Amino acid sequence: MDPVLVLAQGTLATDPGGQVRTRVTVRNVGDIVAQYRVEVLGEAARWSTVVPQHVSVLPGESEEQTVEIVFRPPPAPAAPVGTIPFGVRCVSLENRDVAAVVEGDVVVSPIQGLDVRLRGDGPKGARAGRFRVELRNTGTTDLTVTLEVADAAELLRFVLAPQVVEVPAGRTVPAYLGVQARNPKLFGKPVPHAFTVTYRVSRSDRGGELPGTFEQRAVVRKLWVVLALLLVVAAVLGYLWLRGQGGAATLRTGTPPPVEVESLEAVPGGVRVVWLRSPYATGYGIQEWTQGVTGTSSEGVDDPDQTSFLWEGLTEAEHCFQVRAVADDVQGTFGDEKCVAVPPAEATPTATPEPTPTTAAPAGAAFEPQGFYVRWGNFPQDDTANAGAADTMVAALQGAGALGVQLKSSADSALFLEGANGVPNIVVFTDGFPDEPTANAECQRFKAVASQCIVQRGVQ
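End of the sequence shown sits at 495 in our numbering; the numbers just go up one at a time, nothing left out.
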């Protein structure tokens with residue numbers, strides 16, 4: 036027959052982490068001694084203990100055994116909350132079908148617990164700081180927490196999200212706080228600003244305050260100032276070093292300034308144009324037009340030191356001229372024009388160019404270069420230190436294969452220009468070329484020997 040169970044208390048109460056005891060009486064209504072096992076059923080079985088778990092009961096209503104049951108719910112937040120039903124079952128060890136069950140309830144009281152901490156994710160800065168409010172529910176019931184933040188000096192702005200936080204039991208939920216100073220700080224040492232985070236638990240008197248500090252730093256940091264000064268010093272030293280390199284650095288100039296025509300000297304059938312030398316020029320461009328005639332003509336000079344040009348083949352009329360500087364591939368603007376009346380050209384017999392001797396003609400013998408000619412160099416006659424330079428150049432050109440190299444004094448020619456202070460030059464040249472391209476080819480062929488060459492037009 037089934038045993039008879041009597042539960043001393045049907046309803047028990049305890050707190051999470053606590054314990055409560057009750058007794059169960061077992062009676063054997065059979066005819067023989069019975070062996071039983073007593074066990075707890077339901078959710079409470081995980082945190083309950085039966086002492087003793089096995090009992091031996093003699094038959095008869097007056098014979099009984101008492102078993103003690105201890106309930107120990109886990110501490111918060113893992114503890115269950117509210118009324119937890121349980122059952123106590125007594126099973127025969129000889130026959131599993133012989134059993135009895137008695138039921139009861141364990142009431143576990145709820146507990147509210149909250150741990151709030153303020154952590155600095157970026158508590159220092161020139162513009163803003165970042166903080167985190169961590170809310171950890173250490174109780175057994177869900178909580179609703181309201182957050183507020185303020186500073187007594189009212190020097191800060193705040194952004195708090197969320198301001199109402201739902202914190203489930205046993206969970207940790209963060210809220211994020213941004214702090215910014217109302218007035219920026221340009222220079223100086225860091226300034227600390229204190230503020231307070233206040234929290235309140237809804238439907239409860241629980242709450243508290245968390246102190247915090249935001250360290251406002253200067254916008255312009257001392258390290259930045261030092262780096263800027265070092266950069267300025269490095270730039271100045273680099274500039275001074277480049278200046279000390281002299282001509283080592285190649286600098287590209289802009290547009291050369293206009294060139295002024297100094298004078299116009301009219302000769303029969305031509306004009307000698309004289310202009311002021313430009314320190315920015317690698318050559319010059321000359322432009323001519325005739326009064327009353329449409330159109331212009333242009334000539335070029337590749338020698339930056341040449342400041343005159345004889346323009347021939349002009350008609351009897353008033354002719355105007357302008358000069359501009361040329362710096363490599365950059366052409367400057369023309370200067371002011373000057374005009375002069377050109378007399379008619381005198382008829383002169385045209386001699387057939389013949390090879391000329393390589394020695395200078397006697398002083399006073401008039402001579403003009405024929406056709407197109409290449410000027411290899413000018414040597415002042417008063418330069419005693421370089422008295423043999425002209426002869427040396429002639430020998431070098433002839434040794435390289437140049438034909439028809441001559442020496443003449445500029446005092447004997449209207450086309451050859453005088454040197455400084457009117458001192459005549461010894462001119463090394465080759466004339467008699469039929470056209471300018473042929474003269475240019477001769478110039479490029481022996482330019483490395485003479486170091487320079489200038490192609491010009493002689494008497495045609």
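By construction, the Cβ of each residue, glycine as well, lies at the ideal position given by its N, Cα and C atoms.
Everything numeric in this text was worked out from a predicted model, so none of it was measured.
Neighbourhood of residue i by C-beta distance below 6 Å, restricted to the same chain and skipping five residues each side
i: Gln495; result: none
i: Glu183; result: Thr233
i: Gly367; result: Thr290, Pro291, Arg359, Ala360
i: Gly157; result: Gly164, Arg165
i: Glu244; result: Thr231, Thr233
i: Pro225; result: Glu250, Arg252
i: Cys355; result: Trp324, Glu372, Cys374
Residues near residue i by beta carbon distance below 7 Å, same chain, minus five either side
i: Thr285; result: Reliability of the predicted coordinates at Thr285 is poor, the pLDDT of 49 falling under 50, and the value obtained from them is presented with this limitation in mind. Correct list: empty, nothing qualifies.
i: Pro459; result: Gln416, Ser444, Ser445, Ala446, Glu453
i: Ala396; result: Confidence in Ala396 is poor, its pLDDT being 41 and thus under 50, which makes the residue's placement too unreliable to answer from.
i: Gly155; result: Phe166
i: Ala424; result: Phe414
Proximity below 8 Å, CB of residue i to CB of residue j
i: Ser333; j: Gly320; result: yes
i: Gly65; j: Met36; result: yes
i: Ile461; j: Arg410; result: no
i: Glu295; j: Trp310; result: yes
i: Phe121; j: Val141; result: yes
i: Ala185; j: Leu195; result: no
i: Phe407; j: Arg307; result: no
i: Val61; j: Val73; result: yes
i: Gly148; j: Gln44; result: no
i: Tyr128; j: Gln70; result: Residue identity differs from the one stated: residue 128 is Leu in this sequence, not Tyr. Contact flag set, yes.
i: Leu212; j: Val168; result: yes
i: Ala362; j: Ala437; result: no
i: Pro404; j: Pro303; result: no
i: Phe369; j: Pro293; result: yes
i: Val41; j: Val59; result: yes
i: Asn63; j: Pro94; result: yes
i: His228; j: Leu190; result: yes
i: Pro115; j: Gly174; result: no
Own chain partners of residue i with C-beta closer than 8 Å, once the 5 adjacent residues on each side are dropped
i: Ala483; result: none
i: Gly242; result: Thr233, Tyr234, Arg235, Val236
i: Thr385; result: Caution is warranted here: a pLDDT of 44 is assigned to Thr385, below 50, making its placement in the model unreliable, and the coordinate value is therefore given only provisionally. Here the set comprises Val494, Gln495.
i: Asp177; result: Glu201, Val202, Pro203, Ala204
Those residues which DSSP pairs with residue i across a bridge
i: Val226; result: Gln251
i: Ile321; result: Glu334, Val358
i: Gln405; result: Val494
i: Lys373; result: Phe356
i: Asn63; result: Pro94
i: Tyr234; result: Leu182, Gly243
i: Gln215; result: Ala163, Arg192
i: Val41; result: Thr60
i: Asn413; result: Val462
i: Glu169; result: Arg152, Pro209
i: Thr368; result: Paired residue(s): none; Thr368 is not in a bridge.
i: Val440; result: Thr465
i: Ala301; result: Val306
i: Leu221; result: Partner(s): none; Leu221 has no beta bridge.
Residue i in three-state terms, based on DSSP
i: Val306; result: strand
i: Thr331; result: coil
i: Gln54; result: coil
i: Leu262; result: helix
i: Asp447; result: helix
i: Glu98; result: coil
i: Leu547; result: Not covered by the structure: residue 547. The range shown for the chain is 36 to 495.
i: Thr179; result: strand
i: Leu93; result: coil
i: Glu201; result: strand
i: Arg162; result: coil
i: Asn456; result: helix
i: Thr207; result: strand
i: Thr419; result: helix
i: Pro390; result: Caution applies to Pro390, whose pLDDT of 42 falls short of 50 and renders its modelled position unreliable; the model cannot decide the point.
i: Leu272; result: helix
i: Ala48; result: strand
i: Ala114; result: coil
i: Ala79; result: helix
Terminal residues of the alpha helix (DSSP H) in which residue i lies
i: Val484; result: 471-485
i: Ala435; result: 424-435
Endpoints, beta strand (DSSP E) assigned at residue i
i: Gln491; result: 489-492
i: Asn460; result: 460-468
i: Tyr71; result: 69-76
i: Glu138; result: 134-143
i: Pro120; result: 117-127
i: Val85; result: 83-86
i: Glu351; result: Counting along the chain, Glu351 falls outside any beta strand (DSSP E), and DSSP gives it neither H nor E.
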